[in-house]
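What follows is a short report on a single structure.
Protein chains in written order, with the numbering used here: chain A, 67 to 378; chain B, 13 to 459.
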């Protein structure tokens with residue numbers, strides 16, 4: 067029996083998204099399954115953004131907190147460190163301090179932080195709220211205005227607050243993260259709602275909700291695979307935006323990245339375990355379709371980039 | 013691809029003799045197509061029809077068992093390309109490579125890594141499943157003495173012998189004869205001799221090819237020599253080759269019914285750095301490898317890989333459940349708060365994660381609701397006042413805590429009256445609706 071490569075071509079294509087102004091990065095744009103360059107076109111590599119935040123990362127575990135000692139007390143220093151020392155291709159600023167249960171910082175406080183960071187670095191910036199539905203709807207429109215002209219990604223818009231946030235992203239020419247909770251239908255519905263209000267599908271990044279390795283990764287993995295197949299095989303336009311894996315914040319709060327080796331000797335080195343946990347969550351989700359990843363530990367980013375190199 | 017009922021019907025005697033227990037040959041053919049009957053039931057079927065139907069009814073990826081006893085690994089029998097379609101069937105084996113050029117101390121240390129690799133995660137025992145002994149030296153005697161050392165020190169571990177030299181293969185396989193070892197290193201050049209040796213030792217044939225076409229030709233050759241238990245190495249070594257070859261092999265077997273590639277796949281992912289090696293091994297786990305050969309087995313690396321394999325091979329149609337019990341988070345004291353939720357694994361992971369985040373030591377009562385989330389379980393009548401009351405009473409938590417306050421999920425606030433009624437002396441507090449509000453809630457509670 068002669069062997070013929072069972073290649074598959076798809077009618078659909080993932081939307082390529084370009085962010086940033088002076089320095090730009092593009093992700094998405096492929097017309098095939100993740101890294102299937104043997105049967106389709108994969109024009110852009112996934113983009114990894116370093117996560118920083120407006121307040122010191124007191125709840126980050128030691129392994130990753132210590133990397134940013136001396137810079138993480140100030141988001142501007144922190145952003146510069148990522149760009150200059152870590153050679154970040156992109157930076158994701160999370161405004162956790164605006165959460166009512168955190169410091170409850172105001173929209174104006176957030177605007178000051180965002181302005182400071184934007185003035186300090188040139189790489190493309192992702193600006194995210196604290197994931198508090200009402201507060202984000204207050205904070206994100208204000209910071210979207212401050213960031214006008216920088217072609218950022220703003221997020222996350224959810225079913226309960228998308229109107230305000232999407233309007234702000236639209237008015238100030240930003241891209242938008244649309245987040246729903248681990249359900250392909252909810253994800254599709256939110257993208258439809260956004261396009262119905264006039265928001266271009268070419269400016270959406272779908273966040274089907276991340277989960278860490280061992281903590282529901284299989285759900286995110288399969289929702290991503292299903293979204294991607296809908297985009298490619300069924301040529302479903304609303305499912306064609308690239309996808310986000312918001313990896314760092316899900317990984318660095320679980321037990322495997324915190325439990326010391328002397329308590330759980332059978333789990334081995336805490337440092338290596340934590341870093342691998344973040345890298346492996348990222349690489350697995352990339353294999354399922356994520357093109358934009360938000361990560362924390364420089365070594366995890368380094369290994370993930372190397373993995374991308376080997377696949378591209 | 014499986015034959016349809018009508019295609020099968022054409023191959024049957026069409027006598028409607030009813031000896032098979034079905035009224036007509038067509039009815040029998042339909043049952044055969046649905047795999048609800050066996051061809052053996054027809055006494056008059058021709059040899060030719062048996063051959064055709066036998067091949068058509070064989071699983072598209074041949075089932076193979078590597079090793080023997082409790083720790084044997086089943087491989088193959090996969091039916092889909094994407095895990096949401098249907099459960100991935102047989103989790104891959106992780107195999108640690110030991111070379112015959114390594115000194116005794118290194119060999120023993122690696123053996124020890126394998127023997128102590130077992131971890132219990134969510135009720136499953138996970139481990140490094142096998143050892144690959146590699147004839148790096150090219151010397152038959154060296155491989156033989158390594159084989160003997162391993163057979164003696166790790167008699168229960170599945171072994172794969174890696175050599176292209178028939179003399180070395182013969183000597184090294186002997187200690188594992190009858191234990192379903194793999195003889196890897198069968199090439200176009202040495203196939204005749206190697207297959208003889210594999211057959212003599214009841215070993216699985218591990219073919220070593222360069223490219224998919226060569227792999228297909230070689231499996232046909234090995235099959236022709238009388239050995240059908242085969243595992244394939246297509247020569248893929250880089251991540252990009254592994255993704256391409258594994259995808260084509262799985263597709264060819266499942267979608268094209270291309271028998272020459274319908275066997276489990278071995279991936280060699282050795283890299284200089286264990287952390288990076290783990291990521292390439294993870295590619296094998298996600299993308300269709302049945303055996304992943306690695307150069308190290310650190311505990312932290314094993315934990316991540318075992319967890320990934322468990323996640324990928326979970327049945328997507330059966331909600332993953334955690335055990336019903338009272339979980340301690342942090343180091344709770346008799347005054348620590350007690351919360352309750354259901355045993356859907358995702359619910360458990362999210363709630364326990366947020367409780368951990370709060371840094372407030374607490375008891376988390378996880379109740380068996382057949383793997384449903386809180387609202388679904390409530391709607392299905394599995395998370396009710398009386399059931400919760402029974403669970404709390406029977407759990408024995410009353411002996412561990414001083415207070416009598418139960419925190420319930422905000423979504424089922426409606427249950428508080430019913431629980432208080434059934435659970436005498438207890439006070440029910442309604443917690444937040446979403447888990448991410450738990451840290452603030454708990455911190456305020458103990459402040």
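No residue lacks a Cβ here, since even glycine has one placed at the ideal position from N, Cα and C.
Please tell me whether residue i has its Cβ less than 9 Å away from any Cβ of chain B.
{"i": "residue 119 of chain A", "result": "no"}
{"i": "residue 231 of chain A", "result": "no"}
{"i": "residue 204 of chain A", "result": "no"}
{"i": "residue 17 of chain A", "result": "Because chain A here runs from 67 to 378, residue 17 of chain A falls outside it and cannot be looked at."}
{"i": "residue 255 of chain A", "result": "no"}
What three-state label does DSSP hand residue i in the structure shown?
{"i": "residue 327 of chain B", "result": "coil"}
{"i": "residue 377 of chain B", "result": "strand"}
{"i": "residue 196 of chain B", "result": "strand"}
{"i": "residue 316 of chain A", "result": "helix"}
{"i": "residue 93 of chain A", "result": "strand"}
{"i": "residue 270 of chain A", "result": "strand"}
{"i": "residue 99 of chain B", "result": "coil"}
{"i": "residue 324 of chain A", "result": "coil"}
{"i": "residue 16 of chain B", "result": "coil"}
{"i": "residue 158 of chain A", "result": "strand"}
{"i": "residue 360 of chain B", "result": "helix"}
{"i": "residue 362 of chain A", "result": "coil"}
{"i": "residue 133 of chain B", "result": "strand"}
{"i": "residue 226 of chain B", "result": "helix"}
{"i": "residue 122 of chain B", "result": "helix"}
{"i": "residue 147 of chain A", "result": "helix"}
{"i": "residue 111 of chain B", "result": "strand"}
{"i": "residue 339 of chain B", "result": "strand"}
{"i": "residue 255 of chain A", "result": "helix"}
Using 10 angstroms around the beta-carbon of residue i, count the other beta-carbons present and answer buried if the total reaches 16, otherwise exposed.
{"i": "residue 386 of chain B", "result": "buried"}
{"i": "residue 13 of chain B", "result": "Note on residue 13 of chain B: pLDDT 46, under 50, position unreliable in the model; no value is reported."}
{"i": "residue 221 of chain A", "result": "buried"}
{"i": "residue 378 of chain A", "result": "exposed"}
{"i": "residue 322 of chain B", "result": "buried"}
{"i": "residue 92 of chain B", "result": "exposed"}
{"i": "residue 459 of chain B", "result": "exposed"}
{"i": "residue 411 of chain B", "result": "exposed"}
{"i": "residue 309 of chain B", "result": "buried"}
{"i": "residue 30 of chain B", "result": "exposed"}
{"i": "residue 226 of chain A", "result": "exposed"}
{"i": "residue 110 of chain A", "result": "buried"}
{"i": "residue 183 of chain A", "result": "buried"}
{"i": "residue 258 of chain A", "result": "exposed"}
{"i": "residue 142 of chain B", "result": "buried"}
{"i": "residue 89 of chain A", "result": "exposed"}
{"i": "residue 237 of chain A", "result": "exposed"}
{"i": "residue 182 of chain B", "result": "buried"}
Is residue i close to chain A, meaning its C-beta is less than 9 Å from at least one C-beta of that chain?
{"i": "residue 423 of chain B", "result": "no"}
{"i": "residue 87 of chain B", "result": "no"}
{"i": "residue 13 of chain B", "result": "Low local confidence applies: a pLDDT of 46 at residue 13 of chain B is under 50, so the model's placement there is unreliable, and no value is given."}
{"i": "residue 102 of chain B", "result": "no"}
{"i": "residue 270 of chain B", "result": "yes"}
{"i": "residue 91 of chain B", "result": "no"}
{"i": "residue 314 of chain B", "result": "yes"}
Could you tell me which of the options sits nearest to residue i, measuring between CA atoms?
{"i": "residue 155 of chain B", "options": "B:296, B:174, B:140 and B:142", "result": "B:174"}
{"i": "residue 148 of chain A", "options": "A:372, A:368, A:84 and A:374", "result": "A:368"}
{"i": "residue 312 of chain B", "options": "A:356, A:341 and A:360", "result": "A:341"}
{"i": "residue 252 of chain A", "options": "A:337, A:238, A:273 and A:193", "result": "A:273"}
{"i": "residue 376 of chain B", "options": "B:53, B:398, B:43 and B:339", "result": "B:339"}
{"i": "residue 279 of chain A", "options": "B:256, B:317, B:433 and B:285", "result": "B:317"}
{"i": "residue 133 of chain B", "options": "B:25, B:315 and B:329", "result": "B:315"}
Do three or more CB pairs link the segment 67 to 78 of chain B to the segment 108 to 120 of chain B at distances below 8 Å?
-> Contact fails between the segment 67 to 78 of chain B and the segment 108 to 120 of chain B, because fewer than three Cβ pairs, one in each stretch, are under 8 Å apart.
Counting Cβ pairs, one atom from each stretch, are 3 or more of them under 8 Å apart for the segment 262 to 272 of chain A and the segment 232 to 239 of chain A?
-> Flag = yes, the segment 262 to 272 of chain A and the segment 232 to 239 of chain A touch.
With contact counted as at least three CB pairs below 8 Å, one residue from each stretch, are the segment 352 to 372 of chain B and the segment 439 to 454 of chain B in contact?
-> By the C-beta criterion, the segment 352 to 372 of chain B is judged to be in contact with the segment 439 to 454 of chain B, since at least 3 inter-stretch pairs fall below 8 Å.
Is the number of C-beta pairs between the segment 292 to 306 of chain A and the segment 341 to 350 of chain A that are closer than 8 Å three or more?
-> Between the segment 292 to 306 of chain A and the segment 341 to 350 of chain A, the count of Cβ pairs shorter than 8 Å is below three; the stretches do not touch.
Please confirm if the segment 113 to 125 of chain A is in contact with the segment 155 to 173 of chain A, defined as three or more CB-CB distances below 8 Å between the two stretches.
-> Here the segment 113 to 125 of chain A makes contact with the segment 155 to 173 of chain A; the two share three or more CB pairs at distances below 8 Å.
Touching or not, the segment 242 to 257 of chain B and the segment 224 to 231 of chain B, by the rule of three or more beta carbon pairs under 8 Å?
-> Below 8 Å, enough C-beta pairs join the segment 242 to 257 of chain B and the segment 224 to 231 of chain B to call them touching: three or more.
Do three or more CB pairs link the segment 332 to 350 of chain B to the segment 294 to 309 of chain B at distances below 8 Å?
-> The segment 332 to 350 of chain B is not in contact with the segment 294 to 309 of chain B.
Hey, is the segment 135 to 144 of chain A in contact with the segment 173 to 183 of chain A, meaning 3+ C-beta pairs nearer than 8 Å?
-> Using a C-beta cut-off of 8 Å, the segment 135 to 144 of chain A makes contact with the segment 173 to 183 of chain A, since at least three inter-stretch Cβ pairs fall below that distance.
Pairing CB atoms from the segment 263 to 274 of chain B with CB atoms from the segment 60 to 75 of chain B, are three or more of them under 8 Å?
-> Yes: the two stretches touch, three or more of their Cβ pairs being nearer than 8 Å.
Give a yes or no on contact between the segment 291 to 307 of chain B and the segment 254 to 262 of chain B, applying the rule of three or more CB pairs nearer than 8 Å.
-> Yes: at least three Cβ pairs fall under 8 Å.
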